[in-house]
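Protein sequences appear in the order of chains L and P. According to our numbering, the first sequence is numbered sequentially starting from 1. According to our numbering, the second sequence is numbered sequentially starting from 1001.
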Amino acid sequence: MAGSAAKKPSRLAAWGGRLALIPPYVWLLLFFLAPFLIVLRISFSEAVIAQPPYSPTFSLADGFSGLWEGLKEFTGFNYVFLSEDALYIRAYASSLTIAAISTAITLVAGFPIAYAMARAPAAWRPVLVAMVILPFWTSFLIRVYAWIGILKRDGLLNEALLALGLIGEPLVILNTNAAVYVGIVYTYLPFMILPIYAALERQDGSLLEAAADLGSPPALAFWQITVRLAVPGILAGSLLVFIPVVGEFVIPSLLGGSETLMIGRTLWDEFFQNRDWPLASAVAVLLVLVLVVPITIFQRAQSRSGL
Amino acid sequence: MNAPAPTASPRIPARRTFAPWLDPSAKPLIRFEGVTKTFGDTRAVDGLSLDIYPREFFALLGPSGCGKTTLMRILAGFEAPTEGGVSLAGESLIDVPPHRRPVNMMFQSYALFPHLSVWDNIAFGLRRAKLRRAEVKARVEEMLDLVQLSAQARRKPHQLSGGQRQRVALARSLAKRPQVLLLDEPLAALDKKLRNETQFELMNLQERIGITFLIVTHDQEEAMVLADRIAIMREGRIEQVAPPEEIYESPASRYVADFVGEITFIEGTVAAAYDGQVSLSTEASEHPINVVPRTAVPVGASASVAIRPEKVQIAKAGAEVAGERNILRGTVFDIAYMGDYTLYRVKTPSGAMVEASRLNRRRIDAELITWDEEVVLSFDPADAVLLDR
């Protein structure tokens, strides 16, 4: 009797737990999986001048035979084209390179900031976190536009450097890869700082003392304990920067020049300039596949560290 | 000026054969000389001097904020003294950074490295010591054996129980064979039963490996069980340094008497002194109370008689009291049944409370004393301590 009475609430709680899992799955199904399947389906189609601009299209009126006829028209042509045209391969490679370098720069710049925040007096920390988040109160687009004003030929930066006598004539920064890096690092730095800060902030200070007590000089103890235990935060921050930067479109469009080749821009051009939806979809599908690799590595690392 | 001369009171026979502090030729291992540490306006440690001898198990006991942890951290090197000197085996430690001190600490939080296995946690310090691989392995295995954790060597700290973590922390701090092991509230996180077992394990371990142990604790029982000598600290100073039995039976001050164990203070005025005894008149009793003082006390001085509950005999009113015992009368106000003994709080006619305890030697008490019952309390003059008010 007592046993069954005790079981009832726990069974109810288990059901409650399962119910709580439903919304995220529904969300992912509706807003990730379904759109992805639509894009995947278009990527196997052919571009036509029509509305919608691809074929085959399916209609319920055609019945099963119509569906079968349509399926037979599916083609892997777009993927073959992507692999044959060097432009796309270069765009992917260039995007990955820019993302990797940007991630490295944000890490090098973000770790000391996060460390200083985590070591600041406890009363200051919420203020410092708020200051890191503060830029998000202004639209991302406006902030990137602001960088044009700073970086252009007669912009703030050049005028300041000229006034200080550091340069003789204005530097060409805008519409180069350098401007793209400036924009990316500026925009994505908070995504690197916050996870690292979270990892550093909860570190037990006595661990560093224990390392010192056991014979580690301060620099070694910092590496063995502070950095090592921040690895989950470093990984999370790196992914939060790397993944969106690979597909970044706005920053290379506004700050980059003709030399800046990024897959996000290529995708945009295919979609809106060439109206080649199937090829653009293939570019997008391939991009997702490229990004699945680092995410999987991250997941592995997360579960292995057990922190 | 803080600590009285370290001589055993003649009334407390030396139970220990190990007593280097009584030997004038013995050289201390650790020496604090006039150490002061201030944090802003507070003096955490205040002009403190203390010698600790090789192989000693020494306890710093006091309430939180008394400076005991700061003193230990000064020895570990995590805090630098504002004034004064610290030396180990005759060498000053002041300019030696923590990672070069031959001292290891077991942290209150254990501070186990969460990303390392038990094995790697214990090996951590050995690897810094540039030992050969085979030697590291042998030493880690010896330590695992010592704390009986060989089976858990590959586990991470979060996969261990509290008691196991405590043992990993102990093994890690012992692995480098430090000259001094510092233990910061080592048993605070364990439940009572495990704490009692671990106390004895620690004691035996210390005897076996012969390392000097310095323990910081606020738990007087822990200090009494473990230590050869205890320093009672108060506001950055030492009130008394002595073996546990002397701390308990001959407290140097009212503070020490009150901090360690249960005690009743009976306030009075010295009325007469004769035959090595003094006689006090008090409000608590119509009879004068006789005490054997440690030092001469002038007639007319106000003083307190301090008496431990287990030294006070309790009997129903009207019972015969043998010999020249001090007598107090009152009614039972509170009874605390503790299982092994019962503590009675007795209210005297003056309103003062006196505590008496009685061992429950039999399951059924033939002479049950109950609430509001009139009782007579008595104690031997030699069992009370005379203290300044």
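Idealized CB from N, CA, C, for every residue including glycine.
Coil, strand or helix - residue i by DSSP
i	result
R90(L)	helix
R143(L)	helix
L1377(P)	strand
Y54(L)	strand
L1205(P)	helix
K1176(P)	coil
G1034(P)	strand
N1360(P)	coil
N1104(P)	strand
T1217(P)	strand
I1052(P)	strand
R1011(P)	Its pLDDT being 48, under 50, R1011(P) is placed unreliably by the model, and the measurement read from it follows with that caveat. The answer is coil: DSSP assigns R1011(P) none of H, G, I, E or B.
T1269(P)	strand
V1136(P)	helix
D276(L)	coil
A1005(P)	Caution applies to A1005(P), whose pLDDT of 42 falls short of 50 and renders its modelled position unreliable; the model cannot decide the point.
N175(L)	coil
Neighbourhood of residue i by C-beta, 7 Å cutoff - its chain only, sequence neighbours within 5 removed
i	result
S43(L)	N78, P278, S281, A282, V285
S4(L)	Note that S4(L) has pLDDT 46, beneath the 50 cutoff, so the model's placement of it is unreliable and the number below is only indicative. Counting only Cβ-Cβ distances below 7 Å, and skipping sequence neighbours, we find nothing.
F249(L)	G264, R265, W268
A1315(P)	V1375, V1376
Q1152(P)	V1118, L1160, Q1164
G1300(P)	T1269, V1270
E1222(P)	L1187, Q1199
Nonlocal neighbours in the same chain, by C-beta distance under 8 Å from residue i, ignoring five residues either side
i	result
R1154(P)	S1117, V1118, W1119
Q203(L)	A118, I225, T226, L229, A230
R1389(P)	R1254, E1267, S1302, A1303, S1304
C1066(P)	M1233, R1234, E1235, G1236
V1086(P)	I1030, R1031, F1032, E1033, V1035, I1074, L1075, S1092, L1093, I1094
P1097(P)	G1077
A1026(P)	P1020, Y1053
E201(L)	M117, A118, R125
Closer than 8 Å at the beta carbon, the chain P residues around residue i
i	result
P217(L)	P1097, H1099
I225(L)	F1113
Per-residue contacts from residue i into chain L (C-beta, under 9 Å)
i	result
K1068(P)	Ordered by position in chain L, no residue passes the 9 Å Cβ test against K1068(P), which lies about 17 Å from the chain.
K1176(P)	L214, G215
Short Cβ contact (8 Å threshold) for residue i with residue j
i	j	result
L291(L)	V246(L)	yes
F1107(P)	F1124(P)	no
L171(L)	K152(L)	no
F1213(P)	Q1313(P)	no
Y1341(P)	N1360(P)	yes
D1051(P)	P1028(P)	yes
A1252(P)	E1239(P)	yes
F140(L)	T187(L)	yes
R275(L)	P53(L)	yes
P244(L)	Q302(L)	no
F1039(P)	D1228(P)	no
Cβ-based neighbour list, residue i, same chain, cut-off 6 Å, excluding 5 preceding and 5 following
i	result
H1287(P)	I1327
G70(L)	P56, F58
Y88(L)	L82
A1382(P)	V1292
Partners in chain L for residue i, counting only beta-carbon separations shorter than 8 Å
i	result
H1218(P)	Chain L residues near H1218(P): none, gap ~18 Å exceeds 8 Å.
7 Å Cβ cut-off: residues of chain P touching residue i
i	result
S206(L)	F1107, S1109, A1111
A210(L)	F1107, A1111
R228(L)	H1115
Contact list for residue i against chain L, beta-carbon separation under 7 Å
i	result
R1362(P)	Near R1362(P) there are no residues of chain L at all, since even the closest Cβ is about 38 Å away, more than 7 Å.
F1259(P)	None at all; the shortest Cβ gap to chain L is about 27 Å.
R1128(P)	L214, G215, S216
A1076(P)	D213
R1125(P)	Per the sequence shown, the amino acid found at residue 1125(P) is Gly instead of Arg. Those are L214, G215, listed as they occur along chain L.
Under 9 Å from the C-beta of residue i: neighbouring residues of chain P
i	result
I234(L)	Chain P residues near I234(L): none, gap ~13 Å exceeds 9 Å.
### Query
So, do the region 1272-1282 of chain P and the region 1252-1264 of chain P have three or more beta carbon pairs nearer to each other than 8 Å?
no
### Query
Is the region 125-138 of chain L touching the region 205-221 of chain L, taking contact as three or more C-beta pairs under 8 Å?
no
### Query
Should the region 98-118 of chain L be called in touch with the region 264-271 of chain L, which here means at least 3 C-beta pairs below 8 Å?
no
### Query
Is there contact between the region 247-259 of chain L and the region 10-23 of chain L, where contact requires at least three CB pairs shorter than 8 Å?
no
### Query
Do the region 1209-1228 of chain P and the region 1167-1187 of chain P touch if we need at least three Cβ pairs shorter than 8 Å?
yes
### Task
Report yes or no: do the region 1168-1178 of chain P and the region 1194-1211 of chain P share at least 3 C-beta pairs separated by less than 8 Å?
yes
### Task
Could you tell me whether the region 1306-1322 of chain P touches the region 1355-1370 of chain P, using the rule of 3 or more Cβ pairs below 8 Å?
yes
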